[in-house]
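In what follows, a structure is listed as structure tokens, so that the remarks can point back to it.
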Amino acid sequence: MAELASNQQQMREEVLGVPVHALGWVQAVDCVFEWALGRESRTIFLCNVHSVVTARRNRAHAEAISNADLVAPDGAPVAWILRRRGHADQPRISGPDLMWHCCRRASELGTEMFLYGGSPDTLQRLERRIRTEFAGINIVGSYAPPRRPLTAGEDEAVVSMINQSGARIVWVALGCPKQEGWMQAHRGRIEAVMLGVGAAFDFHAGDIKRAPLWMQDSGLEWLHRLFQDPRRLASRYLVTNSLFILALLQASLFPRRRIRNG
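So the sequence shown is numbered by UniProt numbering: it starts at 1 and just counts up by one.
This is the structure in structure tokens:
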């Protein structure tokens, strides 16, 4: 995994074989803006239970995570594991919250941002909400890609559009593992920090109601989402949560030496 920003030498732990950085909110936001202001092409992933399980079953996703510049603990269970590893104050760095923290600082600094993902209607509502919440925010563009893969020509046009916009931060909301694959493929091509934030666009646009804070803090946000969209999410949560618990049991019975790097 690429090293963190020069002044952010943070600990890295393996969570069921998936590398995750232990860091706080200030450090996470500082990393984003150190790289953004230097106009560096970087990838920042947010790792939850679904991402961990997907990485254990999907080699391409595992490689994308390993190559990411920063992998923050999004899911509450991932943060809990880091706390048990000695990082007592490890918070859950959730995508929607990280986006809001960064929007606040971006509005103060005038940092250029681009929104990639969602639907045209969602992007319109999202941009309106961001501009209402953060006076002076500098959103330089947005794009809702089609559900099908882009052609080579379309992809080149998107890269050109983002780079020509002057964006220093690109918010990517395509869902896991698609957004991580997209960011990995565009690292070095898009001259900005790319952050995969999953359903953050839908939450902030008001398309999906977010779970109460007590459910978020208790690791039950998935249950709230399940009640909202049982048809689409029931099988996903049943499978991924079960596989995660089984993997934890296996790891506790047959422990391997874990990795801890700077």
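Each residue gets a CB set at the ideal place from its N, CA and C atoms; glycine is no exception. Since this is a predicted model, take the numbers as computed values, not measurements.
First through last residue of the beta strand (DSSP E) which encompasses residue i
i           : result
residue 169 : 169-173
residue 19  : 18-22
residue 196 : 193-196
residue 138 : 138-143
Limits of the unbroken alpha helix (DSSP H) element including residue i
i           : result
residue 109 : 95-109
residue 148 : Unbroken run through residue 148: none, as it is neither H nor E.
residue 12  : Where residue 12 is concerned, there is no enclosing alpha helix (DSSP H), although the beta strand (DSSP E) it sits in stretches over 11-15.
residue 202 : 200-205
residue 247 : 230-253
Nearest-angstrom Cα separation, counted from residue j out to residue i
i           : j           : result
residue 236 : residue 229 : 11 Å
residue 85  : residue 215 : 23 Å
residue 95  : residue 108 : 20 Å
residue 123 : residue 138 : 15 Å
residue 130 : residue 67  : 30 Å
residue 78  : residue 15  : 7 Å
residue 248 : residue 222 : 18 Å
residue 23  : residue 148 : 36 Å
residue 245 : residue 184 : 28 Å
residue 145 : residue 253 : 44 Å
residue 196 : residue 231 : 24 Å
Which of helix, strand or coil DSSP assigns to residue i
i           : result
residue 70  : strand
residue 40  : coil
residue 59  : helix
residue 126 : helix
residue 46  : strand
residue 190 : strand
residue 85  : coil
residue 162 : helix
residue 213 : helix
Buried or exposed (CB count within 10 angstroms, at least 16 for buried), residue i
i           : result
residue 75  : buried
residue 42  : buried
residue 217 : exposed
residue 49  : buried
residue 51  : buried
residue 150 : exposed
residue 20  : buried
According to DSSP, residues forming a beta bridge with residue i
i           : result
residue 117 : 173
residue 112 : 138
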